[in-house]
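Going by the working numbering, the residue at position 116 of the sequence shown is 326; the numbering climbs one at a time, nothing skipped.
Here a beta-carbon is modelled for each residue, glycine too, at the ideal position from N, C-alpha and C.
Read through the structure below, which is laid out as structure tokens, and then see the notes.
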Amino acid sequence: LPVDEVVVRAIKYSSCLDVIDSDHKPVWAVLALDVPVTNQEKKRRMCSHILKHTAAQGQAPASPALQLSSDTVNLSQDERRPSTVTLTNTGSQKAIFCLLSQASRQWWGQPERHDAGLPDWLEVYPLDGCIAPQESVTINLAAITNENVYSTQAMDAVLYITVGNELNAGAEQKMADDMLSLHVSCRHRF
Numbered sequence: 211l212p213v214d215e216v217v218v219r220a221i222k223y224s225s226c227l228d229v230i231d232s233d234h235k236p237v238w239a240v241l242a243l244d245v246p247v248t249n250q251e252k253k254r255r256m257c258s259h260i261l262k263h264t265a266a267q268g269q270a271p272a273s274p275a276l277q278l279s280s281d282t283v284n285l286s287q288d289e290r291r292p293s294t295v296t297l298t299n300t301g302s303q304k305a306i307f308c309l310l311s312q313a314s315r316q317w318w319g320q321p322e323r324h325d326a327g328l329p330d331w332l333e334v335y336p337l338d339g340c341i342a343p344q345e346s347v348t349i350n351l352a353a354i355t356n357e358n359v360y361s362t363q364a365m366d367a368v369l370y371i372t373v374g375n376e377l378n379a380g381a382e383q384k385m386a387d388d389m390l391s392l393h394v395s396c397r398h399r400f
């Protein structure tokens, strides 16, 4: 009979009466051990059936679905007040996101370049993260007030939000196809 748990039974048990060197008499036992065993052939058939059934239905892992509350943000160098956008995961699985600048996107999948980050005048937090299904994250964007980047001209940037999940996070080309864009502009106001 198959068992679901480990069962130990004593078949024989006795002490060694001939030993007189100790106050404690050693004992011996013959034990029977019943251990649950996995039917490897049945397990292989089940796994094979599941894989064939999934492949036949073409059920590749779905890409996460993210929505931005707004695809445009207008900032001002004169006001230090950050603007926010909300990134919502409307899908049924965890989503991994990462914000890239236009320069970073040109180098997607290439070795990291130090000049391919965010524009000097823009501060963004968080740049990446993980969002549970039906949850949201608030992304803060602010214009940096600094004499080195202060300008009377309009400054514009396009940020790309790459989307992935644990199952396809290593597929750079797939993630490159699943991008949202966020247009950020900054104006000097008198």
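query, result
"Contact between the stretch 297-304 and the stretch 341-354 (3+ Cβ pairs under 8 Å)", "yes"
"Inter-residue Cα distance where the pair is Gln277 and Arg291", "24 Å"
"Same chain, Cβ closer than 8 Å to Pro236, neighbours up to 5 away in sequence not counted", "Ser225, Cys226 and Val229"
"Residues near Glu333 by beta carbon distance below 6 Å, same chain, minus five either side", "Ala352 and Ile354"
"CB of Ile349 within 8 Å of CB of Thr294, strictly", "yes"
"Residue range of the unbroken beta strand (DSSP E) whose run includes Gln303", "Per DSSP, Gln303 belongs to no beta strand (DSSP E) and is neither H nor E."
"DSSP bridge partner residues for Ser225 (one or two, in chain order)", "Val237"
"Candidates Val216, Ala239 and Cys257, of which the one nearest Val247 by Cα", "Val216"
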